[in-house]
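In our numbering, the protein residues as written are 532 to 708.
Written out as structure tokens, the structure is:
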């Protein structure tokens with residue numbers, strides 16, 4: 532039977548020997564991995580804050596690999612390279628100048644982070660082919676990111692675009708005629 536403490540150690544990647552070593556005062560063998568996990572989470576949060584909340588797209592040059600593989604579902608920018616993320620951030624910041632993105636949940640395991648984020652803003656700028664609606668909207672997204680050498684190298688994302696478009700009056704609601 533797996534105890535709660537052992538289950539937590541397994542999730543954290545700590546072997547039985549590491550857990551015992553830590554209990555005797557030795558540094559765990561996973562210390563470097565833990566620091567890498569913290570760094571990966573920091574990179575994700577910094578990308579969200581600087582690029583999407585502040586509009587500082589220079590952060591992509593600092594923290595995203597030039598040959599990023601971006602697999603975001605349904606994104607018109609779905610392509611290779613950090614410019615795909617730069618394009619999405621620019622599109623959202625133009626359409627929602629007051630955009631706020633909050634990290635609601637984040638988990639880091641190995642070289643990947645999983646994060647659930649919430650987007651909030653007022654559509655006071657052009658959005659794709661649509662004129663500003665002046666409406667406020669909130670929608671959610673989930674990202675899975677892979678890192679190497681302190682940089683984001685691969686991204687998978689799913690964003691609830693339909694909910695946001697419905698709140699803006701740019702898409703019909705189910706059952707509406």
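All residues carry an ideal CB built from backbone N, CA and C; glycine is no exception.
These numbers come from a predicted model, not from an experiment.
{"Check": "Contact belief for residue 590 with residue 578 at Cβ below 8 Å, rounded distance in angstroms", "Outcome": "6 Å"}
{"Check": "Reduced DSSP secondary structure (H/G/I, E/B, other) of residue 583", "Outcome": "helix"}
{"Check": "Contact set for residue 623: own chain, Cβ-Cβ below 7 Å, skip 5 residues either direction", "Outcome": "583, 630"}
{"Check": "Cα-Cα separation, residue 614 to residue 642", "Outcome": "22 Å"}
{"Check": "Cα-Cα separation, residue 645 to residue 654", "Outcome": "27 Å"}
{"Check": "8 Å contact criterion, which residue 699 and residue 668 should meet: CB distance rounded", "Outcome": "5 Å"}
{"Check": "Distance, residue 650 Cα to residue 559 Cα", "Outcome": "Interpretation of residue 559 is limited by its pLDDT of 47, a score under 50 that renders its predicted location unreliable; no figure is taken from the coordinates."}
{"Check": "Cβ-based burial, residue 597 [other Cβ within 10 Å; buried from 16]", "Outcome": "exposed"}
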